[in-house]
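Undergrad: Numbering (my numbering), first residue to last: 1420 to 1651.
1) Distance, Cα to Cα, residue 1513 vs residue 1522?
2) Is it true that the segment 1589 to 1596 meets the segment 1447 to 1455, where meeting means three or more beta-carbon pairs spaced less than 8 Å apart?
3) Determine, using beta carbons only, whether residue 1534 and residue 1599 come nearer to each other than 8 Å.
4) Nearest-angstrom Cα distance between residue 1566 and residue 1590?
5) Starting from residue 1603, trace the alpha helix (DSSP H) both ways and give me its first and last residue.
6) I'd like the list of long-range same chain contacts for residue 1490, defined as Cβ closer than 8 Å, with 5 residues on each side in sequence excluded.
7) CB-CB under 8 Å to residue 1543, same chain, minus the five flanking residues each way: which ones, in chain order?
8) Can you give the Cα-Cα distance for residue 1459 and residue 1553, rounded to whole angstroms?
9) Secondary structure at residue 1631, three-state DSSP: helix, strand or coil?
10) Skipping 5 residues on each side, what residues in its chain have a beta carbon closer than 6 Å to that of residue 1584?
11) Quick check: residue 1484 and residue 1569, are their CB atoms within less than 8 Å of each other?
12) Applying the criterion that 16 or more other CB atoms from any shown protein chain within 10 Å of the CB defines a buried residue, is residue 1561 buried or exposed?
13) Assuming residue 1480 contacts residue 1564 under a Cβ cut-off of 8 Å, what Cβ separation, rounded to an integer in Å, is found between them?
14) Classify residue 1615 as buried or exposed, calling it buried when 16 or more other Cβ atoms lie within 10 Å of its own Cβ.
15) For residue 1517, which residues from the same chain have a beta carbon less than 8 Å from its beta carbon, with the 5 sequence-adjacent residues on both sides left out?
16) Between residue 1609 and the rest of its own chain, which residues show a CB-CB distance below 8 Å, the 5 nearest in sequence each way excluded?
17) Can you tell me which of 1482, 1539 and 1634 puts its alpha carbon nearest to the alpha carbon of residue 1425?
18) Thinking C-alpha only, which one of 1508, 1488 and 1555 is nearest residue 1644?
19) Leaving out the 5 sequence neighbours to the left and right, which residues in its chain are closer than 7 Å to residue 1430 when beta-carbon positions are compared?
20) Taking only three categories from DSSP, how would you classify residue 1423?
21) Within the continuous alpha helix (DSSP H) that includes residue 1480, where are the two ends?
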């Protein structure tokens, strides 16, 4: 099956919006706006600004990737039952691999969880609805569009699955320890292996089913189950 390719301009918009905007520029903008409007005494100003950033990143990402997302949704509708079955099987395999890797990290390093996971746990107690929406809707849609749609798919079109999946997986893993490394928590870098492997397996699901909907469902299901276990 031929791969749907986004134009170079659309890929650039998606990557800039995420890597430059979401990770660097937008947080700086939040800081500037907070200092400007804080004297007005607006309740929950910081949370409001964060939500505006989430909406901006989500809207730009989906808008720029819409030709690809539309085609992949159509592929899913045409073969829904087989894709769901394959996706659930892939998810169980991914969960077992990640569980084994996390257990090995605990035994070898004594680290029980990544800083990324600890942050999610903390934020869930402060603003549960916001974090549920971010982890179960924003993250799966945006991250799969970025790492599978704008990174993996163009690389796969030009080369082997393994190379494209390794690059996409590594960037996906790096994203999840990015804040830790910036803060000097280099021991958290070991979790690149866990998240990177997850990214690689999400690429494998896209490759098998030829639709980004498959890794998106896996990602969303994984985050939903994780949130439910934390809340329970």
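By construction, the Cβ of each residue, glycine as well, lies at the ideal position given by its N, Cα and C atoms.
TA: The structure says:
1) Counting from one through the chain shown, the residue named residue 1513 turns up at place 94. Counting from one through the chain shown, the residue named residue 1522 turns up at place 103. When rounded, the distance between both Cα atoms is 14 Å.
2) no
3) Here residue 1534 corresponds to residue number 115 of the chain shown, with the count starting at 1. Here residue 1599 corresponds to residue number 180 of the chain shown, with the count starting at 1. Cβ distance < 8 Å, so residue 1534 and residue 1599 count as in contact.
4) Working through the chain shown from its first residue, we reach residue 1566 at position 147. Working through the chain shown from its first residue, we reach residue 1590 at position 171. If I take the Cα positions, the gap works out to 8 Å.
5) As a position in the chain shown, residue 1603 is number 184, starting the count at 1. Segment: none, residue 1603 is in no alpha helix (DSSP H) and carries neither H nor E.
6) The residue labelled residue 1490 in the question sits at position 71 within the chain shown. Within the same chain, residue 1490 has close Cβ partners 1423.
7) The residue you call residue 1543 lines up with position 124 of the chain shown. Cβ neighbours of residue 1543 beyond the five flanking positions: 1550, 1551, 1646, 1649 and 1650.
8) Taking the chain shown and counting its residues from 1, one reaches residue 1459 at position 40. Taking the chain shown and counting its residues from 1, one reaches residue 1553 at position 134. Going by the C-alpha atoms only, they are around 27 Å apart.
9) Residue mapping note: residue 1631 aligns to position 212 of the chain shown, counting from 1. Three-state result, residue 1631: coil.
10) Residue mapping note: residue 1584 aligns to position 165 of the chain shown, counting from 1. Excluding positions up to five away in sequence, the list reads 1619 and 1622.
11) The residue given as residue 1484 occupies position 65 in the chain shown. The residue given as residue 1569 occupies position 150 in the chain shown. Cβ distance < 8 Å, so residue 1484 and residue 1569 count as in contact.
12) Locating residue 1561 in the chain shown gives position 142, where the first residue counts as 1. Under this definition residue 1561 is a buried residue.
13) Within the chain shown, residue 1480 is the residue found at index 61, counting from 1. Within the chain shown, residue 1564 is the residue found at index 145, counting from 1. Between residue 1564 and residue 1480 the Cβ distance is about 5 Å, and since that is below 8 Å, they are a contact.
14) Walking along the chain shown from the start, residue 1615 turns up at place 196. Result: buried.
15) The residue labelled residue 1517 in the question sits at position 98 within the chain shown. Closer than 8 Å at Cβ, skipping near neighbours: 1613, 1616 and 1617.
16) Taking the first residue of the chain shown as position 1, residue 1609 is located at position 190. Within the same chain, residue 1609 has close Cβ partners 1524, 1528 and 1530.
17) Mapped onto the chain shown, residue 1425 falls at position 6. Considering only alpha carbons, the answer is 1482.
18) As a first step, residue 1644 must be located in the chain shown, where it is residue number 225. Among 1508, 1488 and 1555, the Cα nearest to that of residue 1644 belongs to 1555.
19) For the purposes of this step, residue 1430 is identified with residue 11 of the chain shown, where counting begins at 1. Result list for residue 1430: 1569 and 1573, in chain order.
20) Position 4 of the chain shown holds residue 1423. It is coil, neither helix nor strand.
21) Here residue 1480 refers to the residue found at position 61 of the chain shown. Unbroken alpha helix (DSSP H) run through residue 1480: 1464 to 1497.
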